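Asks:
Residue numbers (the working numbering), protein chains in the order written: chain R, 1 to 204; chain L, 1001 to 1475.
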């Protein structure tokens, strides 16, 4: 079951490359949150109840509900609905995304280790590359925020790959999500003009 | 338990400042904190290599950097009082509470003996410094804070991935804190590819704090907007946090076969940092940004020094110490310069010697020390780096570094001399200069004087700490 969920998670990442409407991005972020909840439930069987509740709150409440809600508010407030026209066309992004997937699989094979679930590792690496691609190839601040959230999901997946052995690391990753991710969304996402594609006040 | 007492007291002081919002109380508590930090540093010297509260060790590298922070704490707080004198009570209290938290988190990062604890404190420095960069509450401050938090968070997430890779290396139940002591024994048995990836993630991630290429942009913007006393900390002690984080991982992996790979990464990153610093300093139009690029240059030199090895290890620590003293004094001076000239735009600056001779002397002395011109102590460290390069037959790197340093020296010299002696290039009415008491420059002359002393005499207790920090690399 976990493998199906992880593969579904990887599919959402490929879908990220082909969509242009910001509402679709938000739906994908929310879907990823619920998939991570499912993965956590099935994968972290040895973890204690308190940690499990913590992770459930993180994935189900923050990633699936709170973050998409805040992103929707930012989009409504700014009136921007699509990615910037200067962003890389979806076709090229798709090619880059699939290349990233292949690279992640090859890298995972090279690093085969008894402690690591290879599928987790491959998808986590792919998630990381997708997040970085979103940040590098898009120009709107809101797209950068979404890229950051995807990287956060990569961190979560990585920590799950060693989750049964290192619950403390997972908790730390969650704290990162809560303190920084939500801080960025609430404090800056609502203050900066999300339509802005050039933060050029500070330059040489 | 003293560590716990230190952190608890700092948090309580910070909370009291935020909740009570009384100027006098804020001043008393801030000064008390500085005294407390200095006392804590003395305690750490007395208890070298002792572990407290399981997660903190007073090791030589950590104590050395903590001492620099303690030394800079009083001038930073003092110049902070001057900078915030006209602020409303809310802004005033947020500034000083965040400053205390920043210094506390940096202390924690210096003394952390495991990767996860180190990471937590580095993350906490991002949050506290964000409040300080945003202090002026204008559009530029918002943009700089956004960039700082966003890029630092992305970088720190990458560093976290590197730490998780270390977790894969270990993979046991008792490795939850990933302490350096437990990891060091395992490194030789691990697939080198893991170590390389872990190092790259940690290096890129923590270079947001160290201000190194490729994540250097974040600190440049933060410098140009943050209040000068905060810039002094971001440019010195906070960069030292990034340096120490990278150095810890570097030392940890040094016994493995990836040492050569790490050295290549460090030298490449260092040379590219110098290249970028030289390029931007040649066209710099903003004084604080120029100083920020000068920090990039010095951190580039530190990376090169580490990558070269040999005498370079000692030189790296020497640059870290002396750069902290020289650059912080220059940034403190920026606070006074802005009150005299009312601008940081280089075209609008000029005649500083006539307007404020004490400040102009600080700028000239700062230029000499930061550019490693004798009698600056930094001259010794750069000489050590060049000698190590010659010993390693790294002639091409040596020529490139000397060329780039020459460009930087030229760029910075003509700009500082222009500010001190020339007329402003543009017709600019800055308004009447405020009165700035020359006594404010005392701390700057003191710090610059220390840098000069290091050219002739390096105190044995400092040299001992540096040698202990790099002991694993010594033959």
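Heads up, the beta-carbon is just placed ideally off N, CA and C, and yes, glycines get one too.
Predicted, not measured: the structure shown is a model, and the values here were computed from it.
Per DSSP, what are the beta-bridge partners of residue 1205 (chain L) in this structure?
Replies: The residue given as residue 1205 (chain L) occupies position 205 in the second chain. Residue 1205 (chain L) is not bridged to any residue.
Asks: In angstroms, rounded to a whole number, what distance separates the CA positions of residue 1226 (chain L) and residue 39 (chain R)?
Replies: Numbered from its first residue, the second chain carries residue 1226 (chain L) at position 226. Numbered from its first residue, the first chain carries residue 39 (chain R) at position 39. If you take the alpha carbons of residue 1226 (chain L) and residue 39 (chain R), they lie about 43 angstroms apart.
Asks: So residue 11 (chain R) contacts chain L; which residues on that side make the cut at Cβ distance below 7 angstroms?
Replies: Along the first chain, one-based indexing puts residue 11 (chain R) at 11. Those within 7 angstroms of residue 11 (chain R) in chain L number zero; the least Cβ separation is about 22 angstroms.
Asks: Can you round the beta-carbon distance between residue 1093 (chain L) and residue 1197 (chain L) to whole angstroms, since I take them to be within the 8 angstroms contact cut?
Replies: Position 93 of the second chain, counting from 1, holds the residue named residue 1093 (chain L). Position 197 of the second chain, counting from 1, holds the residue named residue 1197 (chain L). Going by Cβ atoms, the distance from residue 1093 (chain L) to residue 1197 (chain L) rounds to 44 angstroms, so no, they are not a contact pair.
Asks: Buried or exposed for residue 1457 (chain L), going by 16 or more other Cβ atoms inside 10 Å?
Replies: For this step, residue 1457 (chain L) is matched to residue 457 along the second chain. With fewer than 16 other Cβ atoms within 10 Å, it is exposed.
Asks: Taking DSSP as the reference, what is the three-state secondary structure of residue 1080 (chain L)?
Replies: What you label residue 1080 (chain L) is simply residue 80 of the second chain in a count that begins at 1. In the structure shown, residue 1080 (chain L) sits in a helix (DSSP, three-state: H, G or I).
Asks: Determine, for residue 1157 (chain L), whether the minimum Cβ-Cβ distance to residues of chain R falls below 8 angstroms.
Replies: The count along the second chain starts at 1 and reaches residue 1157 (chain L) at position 157. Judged by the 8 angstroms Cβ criterion, residue 1157 (chain L) is in contact with chain R.
Asks: Do residue 1408 (chain L) and residue 1210 (chain L) have their C-beta atoms closer together than 8 angstroms?
Replies: Mapped onto the second chain, residue 1408 (chain L) falls at position 408. Mapped onto the second chain, residue 1210 (chain L) falls at position 210. Not closer than 8 angstroms, so no.
Asks: Give the straight-line distance between the Cα atoms of residue 123 (chain R) and residue 1155 (chain L), rounded to the nearest whole angstrom.
Replies: Numbered from its first residue, the first chain carries residue 123 (chain R) at position 123. Numbered from its first residue, the second chain carries residue 1155 (chain L) at position 155. If you take the alpha carbons of residue 123 (chain R) and residue 1155 (chain L), they lie about 20 angstroms apart.
Asks: Spatial neighbours of residue 1144 (chain L) within its chain, please: C-beta separation below 6 angstroms, excluding the five flanking residues on both sides.
Replies: Start at 1 with the first residue of the second chain, and residue 1144 (chain L) comes out as number 144. Only 1133, 1221, 1222 and 1225 meet the Cβ criterion.
Asks: So that I know if they touch, is there some Cβ in chain R lying closer than 8 angstroms to that of residue 1154 (chain L)?
Replies: The count along the second chain starts at 1 and reaches residue 1154 (chain L) at position 154. Chain R, which has a Cβ nearer than 8 angstroms to the Cβ of residue 1154 (chain L), makes this yes.
Asks: In chain order, what residues of the same chain lie with their CB nearer than 8 angstroms to the CB of residue 112 (chain R), ignoring the 5 residues before and after it?
Replies: Counting from one through the first chain, the residue named residue 112 (chain R) turns up at place 112. Same-chain partners within the cutoff: 118.
Asks: Taking the C-alpha atoms as reference points, what is the distance between residue 1398 (chain L) and residue 1389 (chain L)?
Replies: If you number the second chain from 1, residue 1398 (chain L) lands on position 398. If you number the second chain from 1, residue 1389 (chain L) lands on position 389. About 6 angstroms.
Asks: Would residue 1191 (chain L) pass as an interface residue toward chain R - the criterion being a Cβ-Cβ separation below 8 angstroms?
Replies: Position 191 of the second chain, counted from the first residue, corresponds to residue 1191 (chain L). Judged by the 8 angstroms Cβ criterion, residue 1191 (chain L) is in contact with chain R.
Asks: Over the uninterrupted alpha helix (DSSP H) stretch that includes residue 46 (chain R), give me the two end residues.
Replies: The residue labelled residue 46 (chain R) in the question sits at position 46 within the first chain. Here residue 46 (chain R) belongs to no alpha helix (DSSP H), and DSSP marks it neither H nor E.
Asks: CA-CA distance, residue 1140 (chain L) and residue 1285 (chain L)?
Replies: Position 140 of the second chain, counting from 1, holds the residue named residue 1140 (chain L). Position 285 of the second chain, counting from 1, holds the residue named residue 1285 (chain L). The straight-line gap from Cα to Cα measures roughly 16 angstroms.
Asks: Can you look up residue 1285 (chain L) in the DSSP assignment and give me helix, strand or coil?
Replies: Working through the second chain from its first residue, we reach residue 1285 (chain L) at position 285. In this structure, residue 1285 (chain L) counts as coil in the three-state DSSP scheme.
Asks: Apply the 10 Å Cβ neighbour rule to residue 1172 (chain L) and answer buried if 16 or more other Cβ atoms are within range, or exposed otherwise.
Replies: As a position in the second chain, residue 1172 (chain L) is number 172, starting the count at 1. Residue confidence for residue 1172 (chain L) is low, a pLDDT of 49 falling below 50, so the modelled location carries little weight and cannot support an answer.
Asks: Quick one: is residue 253 (chain R) near chain L, going by C-beta distance under 8 angstroms?
Replies: This structure cannot settle anything about residue 253 (chain R), because the visible part of chain R is limited to 1 through 204.
Asks: Compare the beta carbon distance of residue 1129 (chain L) and residue 1238 (chain L) with 8 angstroms and say whether it is the shorter of the two.
Replies: As a first step, residue 1129 (chain L) must be located in the second chain, where it is residue number 129. As a first step, residue 1238 (chain L) must be located in the second chain, where it is residue number 238. Cβ distance < 8 angstroms, so residue 1129 (chain L) and residue 1238 (chain L) count as in contact.
Asks: To the nearest angstrom, report how far apart residue 1174 (chain L) and residue 1182 (chain L) are at their CA atoms.
Replies: In the second chain, counting from the first residue as 1, residue 1174 (chain L) sits at position 174. In the second chain, counting from the first residue as 1, residue 1182 (chain L) sits at position 182. Because the pLDDT of residue 1174 (chain L) is 47, which lies under 50, any placement of that residue in the model is unreliable, and the number read from its coordinates should be weighed accordingly. Whole-angstrom Cα-Cα distance: 9 angstroms.
Asks: Once the 5 residues before and after residue 1120 (chain L) are set aside, which same chain residues still bring their CB inside 7 angstroms of it?
Replies: Position 120 of the second chain, counted from the start, is the residue given in the question as residue 1120 (chain L). No residues qualify anywhere along the chain.
Asks: Thinking C-alpha only, which one of L:1414, L:1309 and L:1310 is nearest residue 1290 (chain L)?
Replies: Your numbering for residue 1290 (chain L) matches position 290 in the second chain. Of L:1414, L:1309 and L:1310, the residue nearest in Cα terms is L:1414.
Asks: What is the DSSP secondary structure of residue 1434 (chain L), counted as helix, strand or coil?
Replies: Residue mapping note: residue 1434 (chain L) aligns to position 434 of the second chain, counting from 1. If DSSP states are grouped into helix, strand and coil, residue 1434 (chain L) belongs with coil.
Asks: Does the distance from the C-beta atom of residue 181 (chain R) to that of residue 149 (chain R) stay below 8 angstroms?
Replies: Locating residue 181 (chain R) in the first chain gives position 181, where the first residue counts as 1. Locating residue 149 (chain R) in the first chain gives position 149, where the first residue counts as 1. A contact, by the Cβ cut-off of 8 angstroms.
Asks: Report the option in L:1062, L:1355, L:1379 and L:1298 whose CA atom is closest to the CA atom of residue 1438 (chain L).
Replies: On the second chain, position 438 is the one that residue 1438 (chain L) refers to. The residue with the shortest Cα to Cα distance from residue 1438 (chain L) is L:1355.
Asks: Quick one: which chain L residues come within Cβ less than 8 angstroms of residue 144 (chain R)?
Replies: Along the first chain, read from residue 1 onward, the residue named residue 144 (chain R) stands at position 144. Within 8 angstroms Cβ-Cβ: 1150.
Asks: In this structure, what does DSSP give as the bridge partners for residue 1112 (chain L)?
Replies: Within the second chain, residue 1112 (chain L) is the residue found at index 112, counting from 1. DSSP output for residue 1112 (chain L) lists L:1056 as bridge partner(s).
Asks: Name the residues in the region 1 to 29 of chain R whose C-beta lies less than 8 angstroms from a C-beta of chain L; which are they?
Replies: Going along the region 1 to 29 of chain R in chain order, one finds no residue with a Cβ nearer than 8 angstroms to chain L.
Asks: Residue 1043 (chain L) touches chain R at which residues, Cβ-Cβ below 9 angstroms?
Replies: Taking the first residue of the second chain as position 1, residue 1043 (chain L) is located at position 43. Ordered by position in chain R, no residue passes the 9 angstroms Cβ test against residue 1043 (chain L), which lies about 28 angstroms from the chain.
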